[in-house]
Amino acid sequence: MSHFYYHGGELHAEGCALPALADHYGTPCYVYSRAELRQNYLSYANALGEHPGKICYAVKANSNIAVLQVLAELGAGFDIVSKGELQRVLAAGGSAQQVIFSGVGKTRDEMVFALQQGIGCFNVESTAELELLSQVASECNLSANISLRVNPDVDAQTHPYISTGLKENKFGIDIAIAPEVYQQAAALPNINILGVDCHIGSQLTQLEPFMDALDRLLMLIDNLQQKGIVIQHLDLGGGLGVCYQNETPPSTADYLAQVKQKLGNRSLAIYLEPGRSISATAGVLLTEVLYLKPTVHRNFAIIDAAMNDNIRPALYQAWQNVLPLQENSPAASAVWDLVGPVCETGDFLAKQRELSLENGDRLALMSSGAYGFVMSSNYNTRGRAAEIMVDGDQHFLIRERESFETIVAGEHLLPGGKA
Ligand code: LLP
C-alpha cells in the first residue's frame, strides 16, 4: 500500500497534507515517508525470512543520513561505493560489519578506511584491485573479506545506461576467468574469500535475467567447491524495478522464493543490494508552477524544480507520474510539458501530461525517492532542494535547502582581486 494518497482533496504523505508542507518548507523539496521506507525494506527482509543472509540497502539510491538511520534501525545492512557513503552509514548509526563495499574504482585510502572500520566485505571488481587490497590489508595487518563481482554476461533488458552485466560493460570480472581469479585470491595474503557477487543492472521488471545470472553463479560456486574454495554467500546485487508508469515488477516474495528454490540444498547465505525498490516510492519532489506559457506548438508549464533537482528524465528519458497537490482545480485541462528554469532544452521533468494548471499550483513528481536528490547538482547556481521526512502526522527537516553561502563555501577568489 502507498503512503501517498488524497484525503479531503489534498495529496498526503502519511498523516501530513503536502500543500501545508510545501507552504512550510517552500519548493522545490523532497518529501519522504518513513512508513513507506520501512514497508519496502521489510518486504525484502520478510521474503528472506529465516534463510541466512542480509538485505544491504544500496546507499547510492538515497543517502540522506536520516533515511539510512530509518533503515539501520530496522536492521538493514548497506551496500556502499565510496568512503563517503561508509561515513554516512556510520553517521546514521549503522555498523561497518553490516556493510559491503562495491564499485570499480576503490582507492587505497578508501580501502584503508574501510578495513580500519571493520567492513563486512569488499566486492572486488578486478585482479588489479584484488592485488592492491591484499597489499593494503597486509600493511594494515588486517584481513579483507571479499567476494568477486563476476560479470555473468546476461542481458538485463533495461535502459542501456543502467545495464551492467554484459561483457561490454566496465563492471565485474568475466565469469569465464573467475575460477582462476578465485585461486589467485586464495593464495594472496590477508584475503579471506567469503562470497560471489554480481549486479546485472537496475530497474529490472522481470525475474528471468536474475535467474539466468543465478544459474551461472551457481555453476561457478559448484566449480569452486571442487577446487576446495568454499563460498559462504551469494550476492545478487541490486533489487527489483519499481512501477513508475505501467511496469509490473515481480514481488520480493516471488523473487526470493525462486532464488531459494534454485539454491537447493547448498548452504549459501543470500545477500541483496536493493536501492530503488526501497526508496523510490518513498519519496516525492514537490514543485510550484511559476509561469504558464502556452504556445502554438506546445504548452509549457515552467516550474521551480529543474534537471539539477532530478536529472532522471533528462538523462534516461525517465517517466515519473505528476500529481497535483490539490485535486479539483477549476482550470481547464490541457496537455503540458513541465520544464524547469535551467538553460537547457533537456531541462524537463515531464512531457505531454494532461493537467489542469494555474500559476502557483503545486505538483508532486511521484516515486522520486531513489536517484533523485542524490543525483542533484548546483548547475545554474541553484541551491539543492530541502529534504523532509514524514512520520505519521509529524514532519522533520532532514536537509536544509542549500544557500548561496553554502554553494560557494569552498571557492576562493584569486589574490589581488577588488572584492
Ligand atoms: N549494487 C550495485 C553494485 C549497483 O551498481 C547498484 C545500482 C545497486 C546495487 C542498486 O540497484 P537498484 O536496486 O537501485 O536497482 N541512476 C539510475 C540508476 C543507476 C543504478 C546504479 N547502480 C536511475 O536513476 O535509474
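Okay, so the sequence shown: first residue is 97 according to the numbering used here, each after it adds one. Even for Gly, the Cβ is constructed at its ideal location relative to N, Cα and C. As the structure is a prediction and not an experimental result, all values here were calculated from the model.
{"Check": "Proximity to residue 151 [Cα-Cα], best of 431, 162, 176 and 487", "Outcome": "176"}
{"Check": "Identity of the residue in 391, 444 and 309 nearest residue 399 by Cα", "Outcome": "444"}
{"Check": "Inter-stretch contact (C-beta, 8 Å, three-pair minimum) for the region 146-162 and the region 500-512", "Outcome": "no"}
{"Check": "Start-end ranges of the beta strand (DSSP E) lying completely within the region 415-470, minimum 3 residues", "Outcome": "418-420, 429-435, 444-452 and 458-461"}
{"Check": "For residue 394, the nearest candidate out of 435, 298, 329 and 213 (CA to CA)", "Outcome": "435"}
{"Check": "contact_flag[the region 417-434, the region 343-350] where n(CB pairs < 8 Å) is 3 or more", "Outcome": "no"}
{"Check": "C-alpha gap between residue 196 and residue 425, whole angstroms", "Outcome": "48 Å"}
{"Check": "Span separating the alpha-carbon of residue 213 from that of residue 160", "Outcome": "20 Å"}
{"Check": "Contacts around residue 349, its chain only, beta-carbon distance under 6 Å, and the 5 residues preceding and following it disregarded", "Outcome": "143"}
{"Check": "Check: residue 299 C-beta below 7 Å from any heavy atom of ligand 1", "Outcome": "yes"}
{"Check": "Closer than 8 Å to chain B by CB, residue 367", "Outcome": "No chain B is present in this structure, which holds just one protein chain."}
{"Check": "Residue of 336, 274 and 401 minimising C-alpha distance to residue 320", "Outcome": "274"}
{"Check": "Heavy atom of ligand 1 within 7 Å of residue 372 beta-carbon", "Outcome": "yes"}
{"Check": "Cβ contact check for the region 183-197 and the region 226-239: 3 or more pairs under 8 Å", "Outcome": "no"}
{"Check": "Residue environment, residue 405, which counts as buried when at least 16 other CB atoms sit within 10 Å", "Outcome": "buried"}
{"Check": "Neighbour-count burial assignment, residue 361, 16 or more Cβ in a 10 Å radius", "Outcome": "exposed"}
{"Check": "Segment contact flag, the region 452-462 with the region 476-493, C-beta cutoff 8 Å, min 3 pairs", "Outcome": "no"}
{"Check": "Contacts around residue 98, its chain only, beta-carbon distance under 8 Å, and the 5 residues preceding and following it disregarded", "Outcome": "132 and 377"}
{"Check": "For residue 474 and residue 381, the rounded distance between their alpha carbons", "Outcome": "17 Å"}
{"Check": "Per DSSP, the bridge partner or partners of residue 150", "Outcome": "367"}
{"Check": "Residue 156: CB within 7 Å of a non-hydrogen atom of ligand 1", "Outcome": "yes"}
{"Check": "Residue nearest to residue 461 in terms of C-alpha spacing, selected from 417, 480, 423 and 471", "Outcome": "417"}
{"Check": "Heavy atom of ligand 1 within 7 Å of residue 369 beta-carbon", "Outcome": "yes"}
{"Check": "For residue 161, the three-state DSSP class (helix, strand or coil)", "Outcome": "helix"}
{"Check": "Within 8 Å, strictly: CB atoms of residue 598 and residue 330", "Outcome": "Absent from the structure is residue 598, since the part of the chain shown begins at 97 and ends at 515."}
{"Check": "Ligand 1 heavy atom lying under 7 Å from the CB of residue 260", "Outcome": "yes"}
{"Check": "Spatially closest choice to residue 413 from 354, 290, 257 and 512, by CA coordinates", "Outcome": "257"}
{"Check": "Exposure label - residue 420; buried when at least 16 CB within 10 Å", "Outcome": "buried"}
{"Check": "Residue 408 Cβ short of 7 Å to ligand 1 heavy atom set", "Outcome": "yes"}
{"Check": "Rounded straight-line distance, which links the Cα of residue 297 to that of residue 280", "Outcome": "27 Å"}
{"Check": "Residue environment, residue 276, which counts as buried when at least 16 other CB atoms sit within 10 Å", "Outcome": "exposed"}
{"Check": "Same chain only: Cβ atoms within 7 Å of residue 503, ignoring 5 sequence neighbours per side", "Outcome": "474, 477 and 479"}
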